[in-house]
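Asks:
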Amino acid sequence: MEASSLLNEGLTLMLFGMGFVFIFLTLLVFVTSLMSRVVTLYEKSVGVLPKGGVPSPTAVIPHHAPANTLPTGAKNHDENTLAILSAAIRAYRDRHK
Amino acid sequence: MDNLLHLWHNTGLYQMTPGQGIMIIIGMLLLYLAINKNFEPLLLVPIGFGGVLANIPGAGLAEYGGILHIFYTVGIESGAFPLIIFMGVGAMTDFGPLLANPKTLFLGAAAQFGIFATLMGAVLLSTFGVFDFSLADAAAIGIIGGADGPTSIYVASKLAPDLLGAIAVASYSYMALVPLIQPPIMRALTTQNERKIKMVQQRHVSQREKIVFPLLLLLLVAFLLPDAAPLLGMFCFGNLMKECAVVDRLSNTTQNSLINTVTIFLGLAVGSKLSADKFLDFTTLGILLLGMVAFSIGTASGVMMAKLLNKVGGGGINPLIGSAGVSAVPMAARVSNKLGLEADPHNFLLMHAMGPNVAGVIGSAVAAGIMINYVTN
Chain A
47 MEASSLLNEG LTLMLFGMGF VFIFLTLLVF VTSLMSRVVT LYEKSVGVLP KGGVPSPTAV
107 IPHHAPANTL PTGAKNHDEN TLAILSAAIR AYRDRHK
Chain B
168 MDNLLHLWHN TGLYQMTPGQ GIMIIIGMLL LYLAINKNFE PLLLVPIGFG GVLANIPGAG
228 LAEYGGILHI FYTVGIESGA FPLIIFMGVG AMTDFGPLLA NPKTLFLGAA AQFGIFATLM
288 GAVLLSTFGV FDFSLADAAA IGIIGGADGP TSIYVASKLA PDLLGAIAVA SYSYMALVPL
348 IQPPIMRALT TQNERKIKMV QQRHVSQREK IVFPLLLLLL VAFLLPDAAP LLGMFCFGNL
408 MKECAVVDRL SNTTQNSLIN TVTIFLGLAV GSKLSADKFL DFTTLGILLL GMVAFSIGTA
468 SGVMMAKLLN KVGGGGINPL IGSAGVSAVP MAARVSNKLG LEADPHNFLL MHAMGPNVAG
528 VIGSAVAAGI MINYVTN
């Protein structure tokens, strides 16, 4: 009697456990894919994080300045170009490590 | 004369039991394997030495009040050391390859079948009266198949403290034996053409994704399986410290000095469980054997899952990376890479295999949470 109940418990734990591992990781696959998509979309409009983690004052990524409105001052224009160029270089280096 | 006799009675030679003698030899053997054969030396050196210390007759280092016993009570009985190690492992883990190809999480899930199949094996052996394992013992033995040292120790300390010595030794030895155990299984289950499958270059994963992922995982654990929260919580915390890049000092400490310090004491404390009356037992042999089975089944089911994903998902996955679903970071991934290169010298699988590899860490922590949840209530 006792032996068969141990067997039952073992079987239940195996099915329950394996099922749960799969459910959990399947959920994680979905949530992760969704997150990646959202972050990628978000970064398209905002730009990627600088390497250091916090945006430091020397490498400002322009949050406002939509692409269709030309920046007014030449200085501002330069800053934008600089930010875009350095982001491109960073992305390139990241990809070709 | 009386004094001389007294002195003689106090020597180790007089007090030594045969069991202690054998255990000291086993401790030395572990040291030999670690130093000469380079078997997981970071752990087997402290474990082996702790095993020798624990068996010094009359010194009582592993008994109540002895220093090794104190290490054990403070670090392992409380669950603290494995969790701190897990934090360090989190800080060393790069989720990039996993995020680039989230499907590899399925491989990490499949490889956990080894854990549960072995649990069933241990239960069956008890039913037929070969061994006398309770459900808790069986669960703790099965987790060896997760090939994750800290997880095994954590589960064993919660469910089967008496078997902890054997389980820890088994899981660390098998991690060292990954390059020997896995390749024959992988070769048997794949064809030459499957091994030659080239995988496409992984996409770039942005830092923001890497920061969000541990938080996402933490929330999922918090909602679905709070029993896995100690392990995965520390893991996610370590990983967040690394990825957010604003606490480099903390992240460096966690990855280096902290994990090293804790490893020393963890090893010694595990060694204290290598006492003759607990270790020199028929069940130890059973644990070593079942651990090996767990590991092999995990490897096989990972490979089979990769083949299934290929059938269902339209191909592009080399089945060799499936075996990396048993954790054993990064050894299992290196084995996948090596076999891939063997089939085709231009086939580099290392980065692709890191995905299932870290998925395996998550998978075995989830499995551990389920076992603890199920057995303790």
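Residue numbers (my numbering), protein chains in the order written: chain A, 47 to 143; chain B, 168 to 544. The beta carbon of each residue, even a glycine, is placed where N, CA and C say it ideally should be.
1. In chain order, which alpha helix (DSSP H) runs of at least 4 residues are fully inside the region 169-199 of chain B?
2. I need the straight-line Cα distance from valine 493 (chain B) to alanine 396 (chain B), nearest angstrom please.
3. Taking C-beta to C-beta, are valine 75 (chain A) and leucine 392 (chain B) nearer than 8 angstroms?
4. Any idea what DSSP makes of glutamine 368 (chain B), helix, strand or coil?
5. Taking 7 angstroms as the limit between beta carbons, can you name the residues of its chain near alanine 307 (chain B), skipping five residues before and five after?
6. According to DSSP, simplified to helix, strand and coil, what is glycine 483 (chain B)?
7. Could you check whether the Cβ of valine 87 (chain A) sits closer than 8 angstroms to any Cβ belonging to chain B?
8. If you draw a straight line from the C-alpha of glycine 263 (chain B) to the C-alpha of isoleucine 484 (chain B), how long is it?
9. Hey, out of B:Phe248, B:Leu356, B:Gly469, whose CA is closest to glycine 316 (chain B)'s CA?
10. Candidates B:Ile282, B:Gly288, B:Ile364, B:Pro381: which alpha carbon is nearest leucine 508 (chain B)'s?
11. Using C-beta distances below 8 angstroms, list every residue in its chain close to methionine 195 (chain B), excluding the 5 sequence neighbours before and after it, in chain order.
12. Does the pairing of the region 520-531 of chain B with the region 249-263 of chain B give three or more beta-carbon distances under 8 angstroms?
13. Secondary structure at phenylalanine 462 (chain B), three-state DSSP: helix, strand or coil?
14. Taking a cut of 7 angstroms between CB atoms, which residues from the region 275-287 of chain B lie near chain A?
15. Is DSSP giving asparagine 544 (chain B) helix, strand or coil here?
16. Cβ of glutamine 374 (chain B) less than 8 angstroms from any chain A Cβ?
17. Under a three-way DSSP split, which group does serine 338 (chain B) fall into?
18. Use the C-beta contact count for glutamate 230 (chain B): other C-beta atoms within 10 angstroms, 16 or more gives buried, fewer gives exposed.
19. Answer with yes or no whether the minimum CB distance from isoleucine 537 (chain B) to chain A is below 8 angstroms.
20. What distance in whole Å lies between the Cβ atoms of serine 439 (chain B) and tyrosine 199 (chain B), which are believed to be in contact at a cut-off of 8 angstroms?
21. When the Cβ atoms of the region 171-188 of chain B are set against those of the region 293-302 of chain B, are three or more pairs found closer than 8 angstroms?
22. Would DSSP call leucine 392 (chain B) helix, strand or coil?
23. Kindly list the residues whose CB is nearer than 6 angstroms to the CB of phenylalanine 206 (chain B), restricted to its own chain and excluding five residues on each side of it in sequence; keep chain order.
24. So, does the CB of alanine 534 (chain B) fall closer than 8 angstroms to a CB anywhere in chain A?
25. Under 9 angstroms, CB to CB, which of the residues in the region 48-61 of chain A have a partner in chain B?
26. Tell me which same chain residues have a C-beta within less than 8 angstroms of the C-beta of glycine 429 (chain B), skipping the five on either side of it?
27. Taking the alpha-carbon positions, what's the asparagine 360 (chain B) to arginine 354 (chain B) distance?
28. How big is the Cα-Cα spacing for serine 442 (chain B) and serine 418 (chain B)?
29. Report yes if the CB atom of leucine 506 (chain B) is closer than 8 angstroms to the CB atom of arginine 362 (chain B), and no otherwise.
30. Mapping the DSSP letters down to three states, classify lysine 204 (chain B) as helix, strand or coil.
31. Rounded to whole angstroms, what's the CA-CA distance from lysine 478 (chain B) to isoleucine 202 (chain B)? Just pull it up for me.
32. Please list the segments of the alpha helix (DSSP H) lying wholly inside the region 269-303 of chain B, counting only runs of 4 or more residues, in order along the chain.
33. Rounded to a whole number of angstroms, what is the C-alpha to C-alpha distance between isoleucine 189 (chain B) and aspartate 444 (chain B)?
Replies: The short version:
1. Counting only runs that start and end inside the region 169-199 of chain B, the alpha helix (DSSP H) elements of at least 4 residues fall at 169-177, 179-182.
2. 20 angstroms
3. With contacts defined as CB atoms closer than 8 angstroms, valine 75 (chain A) and leucine 392 (chain B) fail to qualify as a contacting pair.
4. coil
5. Val322, Ala323, Leu326, Ala327, Leu330, Ile334
6. Coil at glycine 483 (chain B), not helix or strand.
7. This sequence places leucine at residue 87 (chain A); valine is not what is there. Closer than 8 angstroms: no.
8. 17 angstroms
9. B:Phe248
10. In this structure, B:Ile364 is the residue among B:Ile282, B:Gly288, B:Ile364, B:Pro381 with its C-alpha nearest to the C-alpha of leucine 508 (chain B).
11. Gly215, Val219
12. yes
13. helix
14. Gly275, Ala276, Gln279, Phe280, Phe283, Leu286, Met287
15. coil
16. yes
17. Note: serine 338 (chain B) maps to helix in three-state DSSP.
18. exposed
19. yes
20. In fact, because the Cβ distance is near 20 angstroms, the residues do not count as touching under 8 angstroms.
21. no
22. coil
23. Leu200, Ala343
24. Output row for alanine 534 (chain B): interface = yes.
25. The residues in question are Ala49, Ser50, Leu52, Leu53, Glu55, Gly56, Leu57, Thr58, Leu59, Met60, Leu61.
26. Per the sequence presented here, residue 429 (chain B) reads as valine, with glycine not at that position. These residues qualify, in order along the chain: Gly242, Phe248, Ile251, Ile252, Gly255.
27. 11 angstroms
28. Their Cα atoms are separated by approximately 36 angstroms.
29. yes
30. coil
31. 45 angstroms
32. 272-277, 280-294
33. 11 angstroms
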